[in-house]
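Student:
In full-length UniProt numbering, the protein residues as written are 1 to 232.
As structure tokens, this is what we get:
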């Protein structure tokens with residue numbers, strides 16, 4: 001059996017990859033917009049937005065998960081509306097795990113992107129604007145290529161954080177095999193039963209391997225993008 005993983009362990013690995021992928025993909029455009037607003041925006045409530053973005057970093061993950069349960073549960077204001085109107089539910093579903101992972105990973109994504117945006121010389125954008133380029137054109141042709149390594153770094157950080165998210169996820173969606181049992185939840189579950197240490201260790205090895213692979217891929221993509229920008 002490949003890597004010595006059993007069906008239940010493979011199920012947890014594949015579910016974690018699925019949850020992390022969708023958590024990263026869906027939150028990516030919001031991360032870019034939020035990072036641009038925090039890096040370049042001058043508006044009332046900017047500090048409040050900054051606090052809200054970074055709040056999941058300082059709150060205990062269990063608190064974040066409980067707040068999600070209160071908000072997105074079927075009896076919650078958001079969850080109740082979504083269920084009654086569209087038949088959509090997040091609590092105790094893999095989509096809820098993706099939502100919890102996205103919220104916990106969002107601050108790391110935004111921070112990496114914000115640093116990349118702040119490193120861009122505004123004079124380059126001003127020069128493009130003086131040539132008649134619209135704001136959208138300036139962003140797509142000047143700003144976006146320059147901040148692309150930061151976007152990649154933020155996406156990979158978010159993916160890695162989502163892979164390792166446990167507290168908010170287990171509070172919001174529980175630990176249901178085949179539905180919400182991700183790698184961290186499976187490791188916790190295996191450690192609670194006699195003889196489960198070997199299975200937990202195998203999943204730990206897999207988690208480390210995926211994290212290292214993600215970091216290597218991020219570094220390779222960032223260098224390739226940087227070389228392309230430099231024209232090498």
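The beta-carbon is built from N, C-alpha and C at its ideal position, and this holds for glycine as well.
Fair warning: this is a prediction, and the values are worked out from it, not measured in the lab.
Between the C-alpha atoms of residue 65 and residue 75, what's the straight-line distance to the nearest angstrom?
Tutor: Taking the chain shown and counting its residues from 1, the one referred to as residue 65 is at position 65. Taking the chain shown and counting its residues from 1, the one referred to as residue 75 is at position 75. One C-alpha to the other measures close to 15 Å.
Student: Rounded to the nearest angstrom, how far is the Cβ of residue 79 from that of residue 92, given a contact under 8 Å?
Tutor: For the purposes of this step, residue 79 is taken as the residue at position 79 of the chain shown. For the purposes of this step, residue 92 is taken as the residue at position 92 of the chain shown. No, residue 79 and residue 92 are not in contact; Cβ-Cβ is about 11 Å, not under 8 Å.
Student: What is the residue span of the alpha helix (DSSP H) that residue 30 lies within?
Tutor: Taking the chain shown and counting its residues from 1, one reaches residue 30 at position 30. Unbroken alpha helix (DSSP H) run through residue 30: 7 to 40.
Student: Across the region 31 to 49 and the region 198 to 210, are there enough close Cβ pairs to call them in contact, namely three or more that are closer than 8 Å?
Tutor: Contact fails: fewer than three Cβ-Cβ distances are below 8 Å.
Student: Measuring only the C-alpha atoms, how far is residue 5 from residue 152?
Tutor: Taking the first residue of the chain shown as position 1, residue 5 is located at position 5. Taking the first residue of the chain shown as position 1, residue 152 is located at position 152. About 30 Å.
Student: Tell me which same chain residues have a C-beta within less than 6 Å of the C-beta of residue 22, skipping the five on either side of it?
Tutor: Within the chain shown, residue 22 is the residue found at index 22, counting from 1. Answer for residue 22: 98, listed in chain order.
Student: Considering only residues of the region 178 to 223, which uninterrupted alpha helix (DSSP H) runs meet the minimum length of 4 residues and lie entirely inside it, listed in chain order?
Tutor: Entirely contained in the region 178 to 223, the alpha helix (DSSP H) runs reaching 4 residues are, in chain order, 183 to 191.
Student: For residue 142, which three-state DSSP category applies?
Tutor: Taking the chain shown and counting its residues from 1, one reaches residue 142 at position 142. DSSP places residue 142 in helix when its eight states are reduced to three.
Student: Report yes if the C-beta distance between residue 131 and residue 146 is below 9 Å; otherwise report no.
Tutor: Here the question's residue 131 lines up with position 131 in the chain shown. Here the question's residue 146 lines up with position 146 in the chain shown. No. Outside cutoff.
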